[in-house]
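Sequential numbering of the sequence shown, starting at 0, is according to numbering that gives the first Met the number 0. Glycine is no exception: its CB is placed at the ideal position from the N, C-alpha and C atoms. Below: one structure, written as structure tokens.
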Amino acid sequence: MTSEVMESNAEASPAAFLSYCQLDNKTSPSLSSRFEYRPDIDGLRAIAVLAVIGFHAFPEAVRGGFVGVDVFFVISGYLISGIILKSLDERSFSLSGFYSRRIRRIFPALILVLSACLIAGWTFLFADEYKHLGLHAAGGSVFASNFLLWSEAGYFDQASTTKPLLHLWSLGIEEQFYLAWPLLLLVLYRIGSRCVPWAIAGIAFSSFLAGAITVDSNPVAAFYSPAPRLWEFLAGTALAARSDRIDRFFGTRSRNLRSAVGIAFIATAIFVFDTEYAFPGWWALLPVGGAFLVISAGAGQGANRTLLSTPLLVGIGLISYPLYLWHWPLISFAYIAESGHPGVVLRSMAVAASLFAAWLTYRFVETPVRHGPNPRVPLRLVALVLTVGGAGFLVSHLDGIPTRGSLQAQHFDLEKIGKERLASMRAGFCHFHLPEDTLARRAIGDCLALDDHRKNILIVGDSHAFDLRTSLSQAYPEVNFLQVTGSGCTPIESLYTDRTDRCGDIVRHVKYGYKDLTALDGVILSAKWSRNFRLLAEDIAHFRSLGVRVAVFGPTFEFTGDVPKILARQPSHKPNVMLVSYLRESPLKLDSEMENFFKSIGVSYVSKIRNLCADGICPALDDTRQLLVIDYGHWSVEGAKHYGSLFRKHRVLEKWLQAADD
Numbered sequence: 000m001t002s003e004v005m006e007s008n009a010e011a012s013p014a015a016f017l018s019y020c021q022l023d024n025k026t027s028p029s030l031s032s033r034f035e036y037r038p039d040i041d042g043l044r045a046i047a048v049l050a051v052i053g054f055h056a057f058p059e060a061v062r063g064g065f066v067g068v069d070v071f072f073v074i075s076g077y078l079i080s081g082i083i084l085k086s087l088d089e090r091s092f093s094l095s096g097f098y099s100r101r102i103r104r105i106f107p108a109l110i111l112v113l114s115a116c117l118i119a120g121w122t123f124l125f126a127d128e129y130k131h132l133g134l135h136a137a138g139g140s141v142f143a144s145n146f147l148l149w150s151e152a153g154y155f156d157q158a159s160t161t162k163p164l165l166h167l168w169s170l171g172i173e174e175q176f177y178l179a180w181p182l183l184l185l186v187l188y189r190i191g192s193r194c195v196p197w198a199i200a201g202i203a204f205s206s207f208l209a210g211a212i213t214v215d216s217n218p219v220a221a222f223y224s225p226a227p228r229l230w231e232f233l234a235g236t237a238l239a240a241r242s243d244r245i246d247r248f249f250g251t252r253s254r255n256l257r258s259a260v261g262i263a264f265i266a267t268a269i270f271v272f273d274t275e276y277a278f279p280g281w282w283a284l285l286p287v288g289g290a291f292l293v294i295s296a297g298a299g300q301g302a303n304r305t306l307l308s309t310p311l312l313v314g315i316g317l318i319s320y321p322l323y324l325w326h327w328p329l330i331s332f333a334y335i336a337e338s339g340h341p342g343v344v345l346r347s348m349a350v351a352a353s354l355f356a357a358w359l360t361y362r363f364v365e366t367p368v369r370h371g372p373n374p375r376v377p378l379r380l381v382a383l384v385l386t387v388g389g390a391g392f393l394v395s396h397l398d399g400i401p402t403r404g405s406l407q408a409q410h411f412d413l414e415k416i417g418k419e420r421l422a423s424m425r426a427g428f429c430h431f432h433l434p435e436d437t438l439a440r441r442a443i444g445d446c447l448a449l450d451d452h453r454k455n456i457l458i459v460g461d462s463h464a465f466d467l468r469t470s471l472s473q474a475y476p477e478v479n480f481l482q483v484t485g486s487g488c489t490p491i492e493s494l495y496t497d498r499t500d501r502c503g504d505i506v507r508h509v510k511y512g513y514k515d516l517t518a519l520d521g522v523i524l525s526a527k528w529s530r531n532f533r534l535l536a537e538d539i540a541h542f543r544s545l546g547v548r549v550a551v552f553g554p555t556f557e558f559t560g561d562v563p564k565i566l567a568r569q570p571s572h573k574p575n576v577m578l579v580s581y582l583r584e585s586p587l588k589l590d591s592e593m594e595n596f597f598k599s600i601g602v603s604y605v606s607k608i609r610n611l612c613a614d615g616i617c618p619a620l621d622d623t624r625q626l627l628v629i630d631y632g633h634w635s636v637e638g639a640k641h642y643g644s645l646f647r648k649h650r651v652l653e654k655w656l657q658a659a660d661d
């Protein structure tokens with residue numbers, strides 16, 4: 000029966016489609032012969048894991064190395080689906096046997112890495128860091144890291160470099176595929192194996208479409224959800240199910256070309272892509288398509304034989320799984336130890352150590368357990384991984400066990416400093432700290448009340464704008480500083496298209512709903528700016544059209560890690576001088592760009608960095624060693640006072656108002 004006849008019959012009745020599915024109970028007569036060991040696939044694994052390691056250790060050189068994960072997914076789909084399809088074809092498939100093999104393959108190295116991270120964290124991490132590590136160990140033990148990271152993503156999320164188990168998100172997606180896909184294939188085979196390719200195509204198309212749609216509207220979901228990645232596994236599955244059709248489509252003579260083009264696609268993605276690309280989605284077609292072409296070319300063809308089958312790459316491919324597990328914790332701990340500022344030598348040492356640890360794991364843990372004869376091993380491994388995960392959960396539940404006597408910033412009363420800052424924030428009615436804090440739910444109180452006896456200046460923006468309000472109100476008691484700020488709320492209306500968005504609510508209320516806007520003496524816009532600052536011009540134009548003065552205060556200087564932790568890990572008798580090497584460069588560059596832009600359009604601009612820093616030193620402690628910066632860049636109450644005195648010294652407010660009057 001031709002496909003045309005099948006399609007017409009399928010339209011006539013579901014029963015006809017079912018009968019078509021059951022016409023042939025073999026996926027391919029040559030299926031068994033296609034699943035012998037292929038050294039080139041181990042070589043492709045090596046390319047994938049080296050790309051990921053390069054991205055993590057040397058992101059400035061291997062900008063798109065994150066696509067190595069997508070190459071892994073294609074390989075996984077090909078190999079795992081091939082094993083399942085072959086067994087189904089031979090009527091020898093067993094779910095218990097399949098899952099037992101997966102447990103032997105995956106669990107030993109995972110248990111070792113999770114345990115090592117918890118042990119290292121006990122010694123080297125602060126309580127809050129150890130608490131997060133414990134939670135991630137628990138999530139990793141049940142392969143839910145992608146969902147955990149998805150739930151954490153947001154303004155208050157930790158920097159990725161301080162999460163030693165961040166990389167387990169991809170293992171979570173892979174194991175979720177392993178869990179569901181065999182069950183679905185078993186169901187499809189019972190319906191009729193002839194429909195397996197059609198089911199694969201339909202699911203893959205839906206998955207790709209989901210990724211292409213959500214990558215712009217919800218990039219975090221697109222990245223961590225298994226649905227937008229499923230098609231990458233199914234690209235490999237399609238090869239496993241119908242590689243003979245691929246040869247007929249492209250022609251067997253094209254294998255050398257497929258190999259070369261596939262390698263070129265993958266290399267282009269690795270060295271051209273960067274984190275600014277909307278990924279996955281359409282861009283994922285390049286690495287996934289490259290992996291598809293390479294695998295379809297066959298073991299003895301072109302670059303598959305001359306490059307991917309070389310002993311070095313095959314050797315790295317054999318240890319690629321433990322290498323993937325070990326490399327990121329070692330690199331992450333290097334970032335943590337150096338407060339986000341590890342040198343190239345230290346990062347290189349972490350990579351070398353991960354290679355050695357991976358070989359030891361493969362040789363003495365993974366291989367013996369994987370091929371051991373004891374049938375009870377899978378159950379013991381499940382018990383072990385749940386025990387390690389339970390230990391992680393306990394660490395998280397106990398808030399990182401702050402009494403364990405490990406590294407602590409004991410010379411700062413961080414709890415007291417945090418409470419003072421929170422009290423000054425006026426959270427819930429002047430500063431919108433939580434997602435449910437909206438203007439519709441909270442009374443603004445006197446946050447926007449005018450004072451007839453003082454100048455009235457409104458400060459709008461995020462938590463850095465709140466810091467600025469505290470600072471200026473201390474420095475200029477003769478001015479009434481009004482406040483509407485929200486955590487993570489850049490004061491640019493076009494960033495918030497959702498009418499229920501907390502941040503958009505703030506900006507729109509100030510622009511259109513605040514009845515005393517035109518009675519103000521000025522509006523200050525402040526935030527943790529990014530390169531979208533040019534969008535602010537439209538908002539400024541609106542204020543100016545109403546005759547309202549506007550000043551933009553630039554980015555705050557930032558450090559690569561939390562200042563108290565940097566000082567605890569890197570003690571110095573000249574802390575402010577020492578901290579110079581931990582200043583982030585991006586705010587310094589952004590400050591210069593913003594100043595040039597706003598001057599070019601005639602908008603008053605105040606550089607925080609130029610007014611608060613001198614001779615390259617941005618003080619995080621005062622002369623009495625009081626803490627001025629409580630984390631990477633937010634100010635303590637004492638810090639706000641200190642920086643306010645510098646603003647007053649440089650007459651920033653006077654210069655702005657005088658320039659506006661002129």
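Query: Within the region 572 to 652, ranges of the beta strand (DSSP E) (whole runs, at least 3 residues); Result: 603 to 605
Query: DSSP state of Asn-455 mapped onto helix, strand, coil; Result: strand
Query: Sequence ranges, beta strand (DSSP E) only - wholly within the region 150 to 220, length at least 3; Result: none
Query: Burial state of Ala-536, where buried means 16 or more other Cβ atoms lie within 10 Å; Result: exposed
Query: Buried versus exposed call for Phe-646 [16 or more other C-beta atoms within 10 Å across all chains shown]; Result: buried
Query: Cβ neighbour criterion (16 or more within 10 Å) applied to Leu-523; Result: For the record, residue 523 in the displayed sequence is Ile; it is not Leu. Buried, because 16 or more other Cβ atoms sit within 10 Å of the Cβ of Ile-523.
Query: Sub-7 Å separation of Ala-298 and Arg-37 beta-carbons; Result: yes
Query: Bounding residues of the beta strand (DSSP E) (the contiguous stretch that carries Leu-449); Result: No beta strand (DSSP E) holds Leu-449; DSSP gives it neither H nor E.
Query: Nearest-angstrom Cα separation, counted from Val-483 out to Ala-126; Result: 33 Å
Query: Of the listed residues Lys-418, Glu-89, Glu-174, nearest to Gly-76 (C-alpha basis); Result: Glu-174
Query: Buried or exposed by the 16-neighbour rule on C-beta atoms within 10 Å, applied to Thr-26; Result: Low per-residue confidence applies at Thr-26: pLDDT is 44, beneath 50, and the placement is therefore not dependable enough to give any value.
Query: Those residues which DSSP pairs with Gly-391 across a bridge; Result: None; Gly-391 has no bridge partner.
Query: Start-to-end residues for the alpha helix (DSSP H) that takes in Gly-67; Result: 67 to 88
Query: CA-to-CA distance, Glu-365 to Ala-356, given in whole angstroms; Result: 12 Å
Query: Alpha-carbon to alpha-carbon, Leu-516 and Ala-550; Result: 15 Å
Query: Residue burial classification, Tyr-475 (beta-carbon count within 10 angstroms, cutoff 16); Result: buried
Query: Closest Cα partner of Gln-625 within the set Phe-270, Ile-416, Ser-216, Val-376; Result: Ile-416
Query: Supposed close pair Met-593, Gly-553 - CB separation, criterion 8 Å; Result: 5 Å
Query: Closest Cα partner of Met-577 within the set Arg-101, Ser-599, Leu-620; Result: Leu-620
Query: Residue span of the beta strand (DSSP E) that contains Phe-552, given as start and end; Result: 549 to 552
Query: The region 195 to 208 contacting the region 227 to 244, beta-carbon criterion three pairs below 8 Å; Result: yes
Query: Length of the line joining the Cα atoms of Leu-117 and Gly-389; Result: 11 Å
Query: Contact under 7 Å by Cβ, Val-368 with Pro-107; Result: yes
Query: Cβ shell of Glu-557 (< 6 Å), same chain only, five flanking positions each side left out; Result: Arg-583, Pro-586, Tyr-631, Gly-632
Query: Cβ neighbour criterion (16 or more within 10 Å) applied to Gln-657; Result: exposed
Query: Contact under 7 Å by Cβ, Gly-171 with Ser-144; Result: yes
Query: Buried or exposed (CB count within 10 angstroms, at least 16 for buried), Pro-28; Result: Here Pro-28 scores only 43 on pLDDT, less than 50, and its place in the model is too uncertain to base an answer on.
Query: The region 291 to 311 touching the region 80 to 93, judged by at least three CB pairs closer than 8 Å; Result: no
Query: Residue burial classification, Pro-286 (beta-carbon count within 10 angstroms, cutoff 16); Result: buried
Query: Endpoints, the beta strand (DSSP E) within which Gly-521 is located; Result: 521 to 525
Query: Expected contact under 8 Å - CB spacing of Leu-165 and Ser-159 to nearest Å; Result: 6 Å
Query: Which of helix, strand or coil DSSP assigns to Val-376; Result: helix
Query: Beta-carbon gap between Pro-181 and Arg-241 smaller than 7 Å; Result: no
Query: Residues that Val-478 bridges to, as DSSP identifies them; Result: Lys-454
Query: Identity of the residues DSSP links to Gly-460 by a beta bridge; Result: Thr-484, Ser-525
Query: Cβ shell of Leu-148 (< 6 Å), same chain only, five flanking positions each side left out; Result: Trp-168, Tyr-223
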